[in-house]
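**Q** I have a structure I would like to understand better, so I am pasting it below and will then ask my questions one at a time.
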Amino acid sequence: MSLLIANIGELFTADTELGVLHDAAVVTDDDRIVWIGPNSQAPQADERLDAGGRAVVPGFVDSHAHLVFSGDRSAEFDARMSGEPYTGGGIRTTVAATRAASDDALRANAARLTGEMLAQGTTTWEIKSGYGLTVADEARSLRIAAEFTAETTYLGAHTVPAGADPDEYTALACGPMLDACAPHAKWADVFCERGAFDGDQARAVLTASADAGLALRVHANQLTAGPGVRLAVELGAASADHCTHLTDADVDALANSATVATLLPGAEFSTRSPYPDARRLIDAGAAVALATDCNPGSSFTSSMAFCIALAVREMRMTPAEALAAATAGGAKALRRSDIGRVSVGARADLAVLDAPSHVHLAYRPGTPLVKAVVHDGDVVR
Ligand SMILES: [Zn+2]
C-alpha cells in the first residue's frame, strides 16, 4: 500500500543533504519512503494524509529505555524532591518487584509504555534488561523485550544485587548469564559507575559480550567522571550514555571516535542534578543523541518532546540540533541508517506535528503536539 502525505508546511528531514523543505510532500510504499518533493508535483498514492500546512518530522528514535520492569517508585521520587540525593540504589526496589511479576504483567507494562511512545511520535525504541539480575530473570526480560523491538540490550551488569559479591556477580554476568541472554540480545551495556561496576568489571562484561557477538553501549559518567566514556570509546561502543560528568580527555575521546554521546536529560530532571553540557560536546565535534532513559526510578518519562525541550532550555542545544539528536542521532547510536531521517529508501516512520514548525517541540513544552504518526508506512494515530 502507498501513502501520500500532502501539504507539509515544513519538512524537517534530519538528512544533512535535504535539510528543511517547505511546501513539500512525501510518498511511502509499504514500509519505505519512495518519494520526497514539492507538494505541487506529488504523485498519486493509494491513500492520502493531508498535513494541512503543518510540520512533519522523522519518527523519534529513543535509543535508551528500560521498559521491562514492575513496580512504582513515586515515593522515592517524592523523597528526592524533598532533598534526598540520588544514588542509584533504588534499582534494587525494581528488581524485587520485577522478579515477583508474571510474564504477562511485564508484557502488559512494556506494551503500555511502547504505546505511550508511539502515540507521542516515537517509532523506534531500544529496550534493556537489568531488573532481573539472575540468569533466568535476565533471559526472561530479554525474551519479553524482543517481543517489542529488535533493539534489545543485555544489561545484566546494571547493579550488583543485594547480598552478592561484586566480583562473583561480574563473573556471572560474563559467563552463564551472558550465555543465556545473548540469543535474545543485539547489544550489551554496563552501568559503569561508583557503586555499580568499576572500570575493570565493566571491561570484563563488555569484552565477554563482544566475544559473544553483541555490540556495545555503556552507561558512562552519569554521577562521576569515571572511566566509562573512555572505555566505551576504546572498545568501539556505539554509544556512551549519560555523559554528564566529562573531563577534557573524555570530550576529546568522544570527538575523535564513532561513539555517540547519548544525553538523557530526563534523568537529570528527575534526580534534580546538573545537566550534561551538550554545547561542549557539539562544539568539540562529538556526535550527540537524545533519549528518554525511560525507567521507573530516575527518569519515568516516555516523551522525546520533553527531552528535546529540556535539551534546548537546559543544555544549550538549538531546536534543530535537539530534534536531529532525537532522530538521526538516536539512529546513529543504534548504528541504523534506515531510521531517524526522512529520505528516499528510509523506513516510513514520520510524525505530523500540530504546529507550523519543529521549533514548537521546545517552544511549547508539555503540550501534546503530535497529531499523526506513520509507522512502517501505516497511519497508526
Ligand atoms: Zn539507563
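Going by numbering that gives the first Met the number 0, the first residue of the sequence shown is number 0, and it counts up by one from there.
Ideal placement from N, C-alpha and C gives every residue a C-beta, glycine not left out.
These figures come from a predicted structure and were not determined experimentally.
Can you give the Cα-Cα distance for A201 and L177, rounded to whole angstroms?
**A** Answer to the nearest angstrom: the Cα atoms are 13 Å apart.
**Q** Are there 16 or more other CB atoms within 10 angstroms of the CB of V379, so buried, or fewer, so exposed?
**A** Answer is exposed; the Cβ neighbour count stays below 16.
**Q** Within 10 angstroms of the Cβ of P273, are there 16 or more other Cβ atoms? Answer buried if so, exposed if not.
**A** Under this definition P273 is an exposed residue.
**Q** Can K370 and V341 be called in contact, C-beta distance under 8 Å?
**A** In this structure, V341 does not lie closer than 8 Å to K370 by Cβ.
**Q** How is the alpha helix (DSSP H) around N38 delimited, first residue to last?
**A** N38 -> no alpha helix (DSSP H), and no H or E assigned at all.
**Q** Within the structure, which residues are defined as neighbours of ligand 1 by a Cβ-heavy atom distance below 7 Å, reported in chain order?
**A** Having a Cβ closer than 7 Å to some heavy atom of ligand 1 are H63, H65, K127, H218, D240, L263, D292, N294.
**Q** Of all the options G198, H244, D210, which has the alpha carbon lying nearest to the alpha carbon of N220?
**A** With distances taken between Cα atoms, N220 lies closest to H244.
**Q** Give me, in chain order, the residues of the same chain whose beta-carbon lies closer than 8 Å to that of F196; leave out the 5 immediate sequence neighbours on both sides.
**A** Cβ neighbours of F196 beyond the five flanking positions: A156, V159, P165, T169, V189, F190, V204.
**Q** Just to confirm, are V311 and A361 a CB contact at a threshold of 8 Å?
**A** Yes.
**Q** Using the Cα positions of V222 and V228, report the straight-line distance between them to the nearest angstrom.
**A** Rather than Val, the amino acid found at residue 222 in this sequence is Leu. Cα-Cα distance, rounded: 12 Å.
**Q** Check each candidate in A354, T122, D276 and name the one with the smallest Cα separation from A327.
**A** A327 has its Cα closest to that of T122, out of A354, T122, D276.
**Q** Since R106 is in the alpha helix (DSSP H), which residue starts that stretch and which ends it?
**A** Per DSSP, R106 belongs to the alpha helix (DSSP H) from 102 to 118.
**Q** Going by beta-carbon coordinates alone, are N6 and A50 separated by less than 8 Å?
**A** For N6 and A50, yes; Cβs fall inside 8 Å.
**Q** Evaluate P37 with the Cβ neighbour count: other Cβ atoms within 10 Å of its Cβ, from every protein chain shown; 16 or more gives buried, anything less gives exposed.
**A** Its Cβ having fewer than 16 others within 10 Å, P37 is exposed.
**Q** State the Cα-Cα distance for the pair V94 and G70, rounded to the nearest angstrom.
**A** Computed Cα separation, rounded: 9 Å.
**Q** Run through DSSP, which three-state label would H63 get?
**A** Coil at H63, not helix or strand.
**Q** State the start and end residues of the unbroken alpha helix (DSSP H) segment that holds E167.
**A** Taken as a continuous stretch (DSSP letters only), the alpha helix (DSSP H) holding E167 covers 165 to 173.
**Q** Kindly provide the ranges of any alpha helix (DSSP H) runs that are 4 or more residues long and lie completely inside the region 297 to 326, ordered along the chain.
**A** Counting only runs of 4 or more, we get 303 to 313, 318 to 323.
**Q** Give every residue of the same chain whose Cβ lies closer than 7 Å to the Cβ of I307, excluding the five residues on either side of it in the sequence, and list them in chain order.
**A** L289, A321, L322, A325, L360, A361, listed in sequence order.
**Q** Give, in chain order, every unbroken run of the alpha helix (DSSP H) that is at least 4 residues long and sits entirely within the region 229 to 255.
**A** Counting whole runs of 4 or more residues, the region 229 to 255 contains the alpha helix (DSSP H) stretches 247 to 254.
**Q** Determine whether the beta carbon atoms of A285 and K331 lie at a separation below 8 Å.
**A** Against a cut-off of 8 Å, the Cβ pair of K331 and A285 comes out as no contact.
**Q** Sort G52, D77, F11, D30 by Cα distance to F59 and report the nearest one.
**A** Measuring from the Cα of F59, the nearest candidate turns out to be F11.
**Q** Just reading off the alpha helix (DSSP H) that T97 is part of, what are its end residues?
**A** Note, T97: alpha helix (DSSP H), 90 to 99.
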